[in-house]
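In what follows, a single structure is set out as structure tokens and then discussed.
There are 6 protein chains.
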Amino acid sequence: MAPLEIPKLAVGDRVQHELLVREREDKVTKAGDPFLTLKLGNATGVLGANVWKEMVPQVQGVRPGQVVQVIGVVEEYAGRRQLKLTAPPRVVPMGGADIEQFLPRITVPEERLWAKIDAWRAEMHGPLRRAVDLFFADESFRAEFARTPGATRGHHALVGGLLLHTCEVADIARASAQTMGGNVTLVTAGALLHDIGKTKTYTVDLAGFDYTRAGMLLQHIVLGSLMLEERLRTLPPQDQLSDEQRLELHHFIQSHHGQLEFGAAVRPMTLEAEILHFADNTSAKGNDFTEAVEDAELFPSAELEFSAKRSWRLERRVWKRSHRWD
Amino acid sequence: MAPLEIPKLAVGDRVQHELLVREREDKVTKAGDPFLTLKLGNATGVLGANVWKEMVPQVQGVRPGQVVQVIGVVEEYAGRRQLKLTAPPRVVPMGGADIEQFLPRITVPEERLWAKIDAWRAEMHGPLRRAVDLFFADESFRAEFARTPGATRGHHALVGGLLLHTCEVADIARASAQTMGGNVTLVTAGALLHDIGKTKTYTVDLAGFDYTRAGMLLQHIVLGSLMLEERLRTLPPQDQLSDEQRLELHHFIQSHHGQLEFGAAVRPMTLEAEILHFADNTSAKGNDFTEAVEDAELFPSAELEFSAKRSWRLERRVWKRSHRWD
Amino acid sequence: MAPLEIPKLAVGDRVQHELLVREREDKVTKAGDPFLTLKLGNATGVLGANVWKEMVPQVQGVRPGQVVQVIGVVEEYAGRRQLKLTAPPRVVPMGGADIEQFLPRITVPEERLWAKIDAWRAEMHGPLRRAVDLFFADESFRAEFARTPGATRGHHALVGGLLLHTCEVADIARASAQTMGGNVTLVTAGALLHDIGKTKTYTVDLAGFDYTRAGMLLQHIVLGSLMLEERLRTLPPQDQLSDEQRLELHHFIQSHHGQLEFGAAVRPMTLEAEILHFADNTSAKGNDFTEAVEDAELFPSAELEFSAKRSWRLERRVWKRSHRWD
Amino acid sequence: MAPLEIPKLAVGDRVQHELLVREREDKVTKAGDPFLTLKLGNATGVLGANVWKEMVPQVQGVRPGQVVQVIGVVEEYAGRRQLKLTAPPRVVPMGGADIEQFLPRITVPEERLWAKIDAWRAEMHGPLRRAVDLFFADESFRAEFARTPGATRGHHALVGGLLLHTCEVADIARASAQTMGGNVTLVTAGALLHDIGKTKTYTVDLAGFDYTRAGMLLQHIVLGSLMLEERLRTLPPQDQLSDEQRLELHHFIQSHHGQLEFGAAVRPMTLEAEILHFADNTSAKGNDFTEAVEDAELFPSAELEFSAKRSWRLERRVWKRSHRWD
Amino acid sequence: MAPLEIPKLAVGDRVQHELLVREREDKVTKAGDPFLTLKLGNATGVLGANVWKEMVPQVQGVRPGQVVQVIGVVEEYAGRRQLKLTAPPRVVPMGGADIEQFLPRITVPEERLWAKIDAWRAEMHGPLRRAVDLFFADESFRAEFARTPGATRGHHALVGGLLLHTCEVADIARASAQTMGGNVTLVTAGALLHDIGKTKTYTVDLAGFDYTRAGMLLQHIVLGSLMLEERLRTLPPQDQLSDEQRLELHHFIQSHHGQLEFGAAVRPMTLEAEILHFADNTSAKGNDFTEAVEDAELFPSAELEFSAKRSWRLERRVWKRSHRWD
Amino acid sequence: MAPLEIPKLAVGDRVQHELLVREREDKVTKAGDPFLTLKLGNATGVLGANVWKEMVPQVQGVRPGQVVQVIGVVEEYAGRRQLKLTAPPRVVPMGGADIEQFLPRITVPEERLWAKIDAWRAEMHGPLRRAVDLFFADESFRAEFARTPGATRGHHALVGGLLLHTCEVADIARASAQTMGGNVTLVTAGALLHDIGKTKTYTVDLAGFDYTRAGMLLQHIVLGSLMLEERLRTLPPQDQLSDEQRLELHHFIQSHHGQLEFGAAVRPMTLEAEILHFADNTSAKGNDFTEAVEDAELFPSAELEFSAKRSWRLERRVWKRSHRWD
């Protein structure tokens, strides 16, 4: 069965699908009656549901991280679509199911992003190509890379987020290098490799995204260099990178956060490393902005021009332009 | 007479040209004899000259900021080309002369940059086009803009530096907006306008670049908004921008330094303003890198792989890659 | 009908007046019954009221920002005076009413402050007088200035707060200039003009104080300079200020926050600008202290010598001296 | 013999006086000849002198910190008055001499400042008066206080500087307390006591101002509280301050630097302590400004409108207004 | 009656003891019924108890800071031991009772710590011994010192915490001085004296630990020097310390926080003062770690390897190692 | 020939030995004559020599980094011993010579330090021992480790400095762990491994200490983890560390700088990692102090009690205690 396309639901639509319980909050009405709110979602989006007093006993066992069979109808409540359950949700055992169909996911097709990466790889030659291919020509790495989020919360916290972020960084870094006289191919390789450590930093399961033990104790920058070093060592002797080349790739990884207080081991020491750093920031903060103007917590009402409070990711209030320029 | 092309001079070439005295330093040899070093330049570059004991009395009146008639021959000294004076330099009165031919200047042809700007303008319509044209369709503003440096010292401190920097920022911001789903035309207008205040912030004369009184007391960000407001007011009533549009253009100017401690009045509150901020940084720091690897103070010997000291502009040492990737 | 003088109410007084609903909080008693607390106020002060279970249904429609007709009697509850409603409050339509009588307001008579300002203006001559009079001799500006708060929350967040703060700053700056050998008249002009931008930064209505769009996007410092420039341009040619004079007035506005990280475009570069900066701080922080020792959230019980928690405005705990020195 | 009034000297005046050698710098002319520059001064000011090759052997023993008998005539050199020695300076033994007549000193008469302090004391009663009088009614403390500088270098680094600074702080704090509704008499006492520890922090001798051992190891804030505690203990039992009163006086001393990073042990917790802190800053920074515009290192030429470099005390460039407002 | 040994209680044990009410939290069940949770403790530890709807009216008067007679049985709830009350707790009047038996207390026997201190004192001679003995040979000081906590909340917030912390600091500082070639005996004296001011900074009563007025207004560092100075003055003339010695002891106290922003009046200027500073930090942060891994708020479930959130004391998440190394 | 023991030289001693030229400075006397100062040294210390006008031509080719044959006699000059050359120094070709005998070296015998390390290793068992022995049971690693300095300049910038620093850190960390209840053996392993990356970070040759390319681009913390990972991989399968064990060793390396802004990839998350961090600081800063009080630049005269200026390593002035405590 095709997954429910949540963004396309209209008031009155009937729903009978499996959805992931993302959040559950138990509350009491002003009249003293227990009720609870659920956030239910799949890869396409999230939908809220209020469970009133009568049905509360029947959802006692429902917890975040479970997949439930939901039967209901879409209604409007306080200006937003939500789900009215017409039957209690039923927990679905997830033994062999495809977990990722229930997790939030990027909306850009993965294939389009891989096509870009493969085209960029095709521009590369010699040692640079060999180094990049150690990861990006390896199907198992590609699979892992494509499911990793960009963060546990914050920018690109989606299945596929790392893949999308990497392509955005490469796009921006390439344009910057073109303009500033840098080495476009080299900075592309830097962009592809800069966050590889995140594949060993985050866990992806129905309970959401979290840190691995290695991610907690070492963070993705160190893990990236350990991964790079491990694979570089597998190259046959005649294909080994020179010392300078090897160190330059590590330097991209180690310096891409720009400053020590943001976790960089060193500050960027080349034009290309500096460009990569700014491209990384532009993708991350740009994504924070595009998500902020869609965020119902920041804009609880449709008339608001400025967010009702500060975005914790951007540490400032955000302007949702209401005028047009054309 | 065509200006001397300093970068093309070879050992043995004879020089008989007018050059600007950029620096003068009086010294004493280990043997106790007075001598002095001059830095002589024009728009194409700079050349050093040592003046020994015998000729010292004849250059007593020569000071930085003067144009002198120089006669000499190019020789090599300590691995660098320098000028051996064969006659004392003679000061040239600069009454009506074209000052700018003696000042350091960008190497990109100005026309190519204007062509880019005019093509970007052609993409714009309605109020955005009208606002941008208030400046960029005005010949006297264009002339002033084209001679202004990007700074008194530091990145783009060249005649034409502001023009070059503005184009770089626009290039990078456009690519970033394209990738991140922003309004490309709008961010281009923001890029064109973000530094207009610098035309009233810096002085350009033979003594070098300096601050105007307004530049010292208010800085270029405030001056930019005062200029924008002044010109916007000249639009006929039917062409006036809406309040939102007017404020958004000011917001680009006021937020482009990103953080208050770097002089922004406010932090960027839109995707486009955030993108402009990072593009501005990428152009500035990128230029710092391309100049650092050419800087004889940072790399006093050709064998150095790392700069001998920190670049004051980048606050770190810089790596001049000696290896090749192709 | 004269407004109710809230600070003078005694236990047992009867109240039958129109009051503004400042806050409403819905709660549940330990016994599970719904109740709610209201904060009701006018220009003279604020009074709390608890609405118990029985009356809750009758106040369902009452919301902050509404004016209500209140009938009740003053009683004591937990050591504080509060209102016991004897009838449900009734919402009053506010079409043409005088909004400001319901908003929190400074207690100093406005006239006394204007008298000070006008006496200071009388000391000024020539261009300084002309510049100051562009604002302070304009009745419509005076009216707007007198109703603007000093902030949306924090120091001087009252109708008239900007007027009071401006007079305090001028008082302190004048004494400082007198002591330190500065120009007393000039610093007075700086004080009068330093916060004029706030008239375009804040909105004043029954829902409380908030930011205008211009205030959010540009902040009051930039708006102040735009306003100053606009009015200066209206002076007849023979009355124009010199370039130095014009820039010095802008410099007061742009530097009065002292440091870039607090929003100044430049640091103060003259004795008078530095004095203005410290006088501004003294007024703001001094007001924070006088309000803190009156704040029931900081001093929830009368015996407390030290505030129960940090004041968010002062970022520290505050001492309410219990001893006497005389 | 009355001391030479250095600020009143005119070109051509003959000098035959004892002066303190403030600085000596040995140099070599461009022609390779040794020469040296002296800075000679007394309480009224400083005068430079160049000693040329011929007289160099006769001044070999002259060193900073010595008093010398000087014979010469005032001449003009590079736009500044300086002394032309007509005989070699002769070192004067300083056994019992009055050292202070040779040190830089405030120009305000000391008596005028004491009159202010004594008038303020007369306003005080009871424990406050007793505490203040423990210091300011003690002749030996007054003598020590009157000769102490405000700092070893920086603001008020003059004999009498502490006395002048204390009066400035009290003046400004009183006006601020008047305006903000604080206790004027109490804040005056705080001002008088806040820097008493400086009398044990600095040394004053012909070699200039320096730190005592206690000043280096503990700084003036701790020393102030130790001194206050020591004297308070000498009060007879019936005159003892209450615990609150005693702690409040210590709190003024301990909090007057405002923030921990500037050496305060605690942040100000009362209106009066906060006011004292800002008054202290206003006096210190105000003095930095009045000295900066007179400083020949910052303004090496009379035409300069902006200082040629940053003032290290103010960490910024300074504007010397060239226009008039009247 | 011996106090109840809370850490040794097993499920099923009966409790009939006096315990201190540490916390009380009133809540409502999902079904709308009131209930409350108590934290009850004595010197050996803390035990939770839930009071359900039926018994709520009988505990209305029970508040934190009271000692109550408790009757109940130990049961298991959500994986943790807690107390099931079988009768309502009864408030015990605390007139002359020994308060400290109810407060949280260090588990190391006090005697063992005093034995260490006395052995260290025995190593000292001459002025160092005399200075240390002014405090540590004084029974009333010892009693006060032994009951003072190390902080009101945070590291060593226990009766006896100051004593334990002081011994830890001395232990670490001695080892460091031994290794780095410092004066072991001197640094021991510095360790013993560094926090003496805390005895006048904190209050200890059944309501928990809090600040004294002097502690709020001056903090423990200043108070320490005032105490030291007061006692040093009592030495007979022939036993007085030299000026250097006296200042060095004060310097230990004033510099032990290392940096001004953490409350030090001066930075450490000797090897021994620097060592003391790091030893102080090691004890404080080390204690934060040992308490963090035992903290049920940080590790709400036994399977957690990383704390569920940041420790506010350490400002980071903490790893509870689950593996073994032996 | 045994190396010259520089610290034992007395005035009048004859010198005829090979010494390394550490520094050369060319100067001109006041009389205009050229002269130069040399600093000559070996592993035991450094000695200055002035070369006067007559001998200057004969030392033209002498440069820092060369070993020269020196003939002269020890004399006293300005209160310090220095060398009077009686013959021009002769450059010695250094083809196969033992470079390290000429470099500054720790004074503690290397053997004593290795004995400590080997005793600590003997305490370890199982995986911890295996991991440590991968480095410290490898003779070639030991040789490299023993010649590496602790830094290029600053603390422990000596041949053997890394070995000494490592032992100091282990000593202090062991005592701290003992006191705070940590795992002593584990923290010892952390101490031994924390700086292994420095062996690949610094170069050691006659020109002094410098950075390797890898050291510049990645710094020692990353290099340490790369080295650890590389060697761990060589363990036979049955001897492999568990994932937790492996990550904990990396965590020691990555967190030992304590805070991100000082280069740590993560903050310490265990008691042992925190202890290691403070022990590292104590050794580094303690060494700064012991060297500061011996530093002739900080204490140019023997009477000084406080350093004449700030130590750049400690960022403060230093007190050289002149009194005794025993």
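Protein chains in written order, with full-length UniProt numbering: chain W, 1 to 326; chain H, 1 to 326; chain P, 1 to 326; chain E, 1 to 326; chain A, 1 to 326; chain Z, 1 to 326.
Even for Gly, the Cβ is constructed at its ideal location relative to N, Cα and C.
Residues in the same chain with beta-carbon distance under 7 angstroms from A:Ile172, minus the five sequence neighbours each way, listed in chain order, please. Indexing the fifth sequence from 1 puts residue 172 of chain A at position 172. So the list reads Ala279, Thr282, Ser283, once near-sequence residues are dropped.
Please name the residues in the segment 103-131 of chain Z whose beta-carbon is closer than 8 angstroms to at least one beta-carbon of chain A, in chain order. From the segment 103-131 of chain Z, only His125, Gly126, Pro127, Leu128 have a Cβ closer than 8 angstroms to chain A.
Label H:Lys285 either buried or exposed according to how many other C-beta atoms from any shown protein chain fall within 10 Å of its C-beta, with 16 as the threshold for buried. Walking along the second sequence from the start, residue 285 of chain H turns up at place 285. Its Cβ being crowded by 16 or more others within 10 Å, H:Lys285 is buried.
DSSP beta-bridge partners of W:Gly41: Taking the first sequence and counting its residues from 1, the one referred to as residue 41 of chain W is at position 41. Within the DSSP bridge table, the entry for W:Gly41 names W:Leu20, W:Val46 as partners.
Count the other CB atoms within 10 Å of the CB of Z:Ala10; is the residue buried (16 or more) or exposed (fewer)? As a first step, residue 10 of chain Z must be located in the sixth sequence, where it is residue number 10. Z:Ala10 comes out exposed.
Figure out for me which residue from P:Glu54, P:Ala207, P:Thr148, P:Leu4 has the closest Cα to the Cα of P:Leu164. As a first step, residue 164 of chain P is located in the third sequence; it is residue number 164 there, counting from the start. Cα-wise, what sits closest to P:Leu164 is P:Thr148.
Taking 8 angstroms as the cut-off, decide whether the C-beta atoms of P:Leu36 and P:Val73 are in contact. Here residue 36 of chain P corresponds to residue number 36 of the third sequence, with the count starting at 1. Here residue 73 of chain P corresponds to residue number 73 of the third sequence, with the count starting at 1. It is not a contact, given that the beta carbons lie outside the stated cut-off.
When we look at the beta-carbon of E:Glu18 and count the other beta-carbons within 10 Å, is it buried (16 or more) or exposed? In the fourth sequence, counting from the first residue as 1, residue 18 of chain E sits at position 18. When all chains shown are included, E:Glu18 counts as buried.
By the three-class DSSP mapping on this structure, what secondary structure does H:Val169 have? In the second sequence, the residue the question calls residue 169 of chain H occupies position 169. For H:Val169, the secondary structure class from DSSP, reduced to helix, strand or coil, is helix.
If contact means a Cβ-Cβ distance below 9 angstroms, which residues of the segment 294-305 of chain P contact chain A? Of all residues in the segment 294-305 of chain P, those with a C-beta nearer than 9 angstroms to a C-beta of chain A are Glu305, reading in chain order.
Applying the criterion that 16 or more other CB atoms from any shown protein chain within 10 Å of the CB defines a buried residue, is P:Lys309 buried or exposed? Here the question's residue 309 of chain P lines up with position 309 in the third sequence. Of the residues assessed, P:Lys309 falls on the exposed side of the cut-off, its CB having fewer than 16 other CB atoms within 10 angstroms.
For the putative contact between W:Gly160 and W:Glu110, defined by C-beta atoms under 8 angstroms, what is the C-beta separation to the nearest angstrom? By 1-based counting over the first sequence, the position of residue 160 of chain W is 160. By 1-based counting over the first sequence, the position of residue 110 of chain W is 110. Contact annotation, W:Gly160 with W:Glu110: C-beta distance approximately 6 angstroms; criterion of less than 8 angstroms satisfied.
Residue range of the beta strand (DSSP E) that includes H:Gly126: Locating residue 126 of chain H in the second sequence gives position 126, counting from the first residue. For H:Gly126, no beta strand (DSSP E) run applies; the uninterrupted alpha helix (DSSP H) run containing it begins and ends at 126-136, by DSSP.
Which residues in the same chain as H:Thr166 place their Cβ atom closer than 7 angstroms to its Cβ, once the five residues preceding and following it in sequence are excluded? Here residue 166 of chain H is taken as the residue at index 166 of the second sequence, counted from 1. Around H:Thr166: Ala191, Leu192, Asp195.
Could you give the uninterrupted runs of the alpha helix (DSSP H) lying entirely in the UniProt domain "HD" (162-285) of chain A, keeping only those of 4 residues or more? Here the runs fully enclosed are 184-193, 213-232, 243-255.
Do E:Asp243 and A:Arg231 have their CB atoms nearer than 8 angstroms? In the fourth sequence, counting from the first residue as 1, residue 243 of chain E sits at position 243. In the fifth sequence, counting from the first residue as 1, residue 231 of chain A sits at position 231. With contacts defined by Cβ atoms closer than 8 angstroms, E:Asp243 and A:Arg231 do not form a contacting pair.
Report the residue from W:Gln69, W:Phe136, W:Leu249 whose alpha carbon sits nearest the alpha carbon of W:Lys116. The residue labelled residue 116 of chain W in the question sits at position 116 within the first sequence. Comparing alpha carbon positions, the residue from W:Gln69, W:Phe136, W:Leu249 closest to W:Lys116 is W:Phe136.
Just to make sure I have the definition right: I need the residues of chain W whose C-beta is within less than 7 angstroms of the C-beta of H:Ser242. Which are they? Reading the second sequence from its first residue, position 242 is the one you call residue 242 of chain H. Under the 7 angstroms cutoff, chain W gives His323.
Closer than 8 angstroms, CB to CB, is H:Asn42 near chain W or not? Taking the second sequence and counting its residues from 1, one reaches residue 42 of chain H at position 42. With its beta carbon at least 8 angstroms from every one in chain W, H:Asn42 lies outside the interface.
Are the CB atoms of E:Phe299 and E:Ser307 within a distance shorter than 8 angstroms? Position 307 of the fourth sequence holds residue 307 of chain E. Position 299 of the fourth sequence holds residue 299 of chain E. In contact: E:Ser307 and E:Phe299 (Cβ atoms closer than 8 angstroms).
Evaluate E:Ala175 with the Cβ neighbour count: other Cβ atoms within 10 Å of its Cβ, from every protein chain shown; 16 or more gives buried, anything less gives exposed. Residue numbering aside, residue 175 of chain E sits at position 175 when the fourth sequence is read from its first letter. So E:Ala175 ends up on the buried side.
Counting only beta-carbon separations shorter than 8 angstroms, does E:Met216 have a partner in chain Z? Residue numbering aside, residue 216 of chain E sits at position 216 when the fourth sequence is read from its first letter. Yes - at least one Cβ of chain Z is within 8 angstroms of the one on E:Met216.
Does the beta-carbon of E:Val108 have 16 or more other beta-carbons within 10 angstroms, so that it is buried, or is it exposed? Your numbering for residue 108 of chain E matches position 108 in the fourth sequence. Exposed, because fewer than 16 other Cβ atoms sit within 10 Å of the Cβ of E:Val108.
Partners in chain E for P:Phe278, counting only beta-carbon separations shorter than 7 angstroms: As a working mapping, residue 278 of chain P is identified with position 278 in the third sequence. Correct list: Phe278, Asn281, Thr282.
Suppose you measure from the CA of H:Ser140 to the CA of H:Leu134; what does that come to, to the nearest Å? Position 140 of the second sequence, counted from the start, is the residue given in the question as residue 140 of chain H. Position 134 of the second sequence, counted from the start, is the residue given in the question as residue 134 of chain H. Near 11 angstroms, if we compare the C-alpha coordinates of H:Leu134 and H:Ser140.
Collapsed DSSP secondary structure at H:Pro93 in the structure displayed: Along the second sequence, one-based indexing puts residue 93 of chain H at 93. Here H:Pro93 sits in coil by DSSP.
If you measure beta-carbon to beta-carbon, which residues of the segment 233-267 of chain P are closer than 9 angstroms to chain E? Cβ contacts with chain E: Ser242, Asp243, Glu244, Gln245, Glu248, His251, Val266, Arg267.
Looking only at C-alpha atoms, which of Z:Pro34, Z:Val21, Z:Asn50, Z:Gly61 sits nearest to Z:Ala43? Position 43 of the sixth sequence holds residue 43 of chain Z. Restricting attention to Z:Pro34, Z:Val21, Z:Asn50, Z:Gly61, the CA atom closest to the CA of Z:Ala43 is found in Z:Val21.
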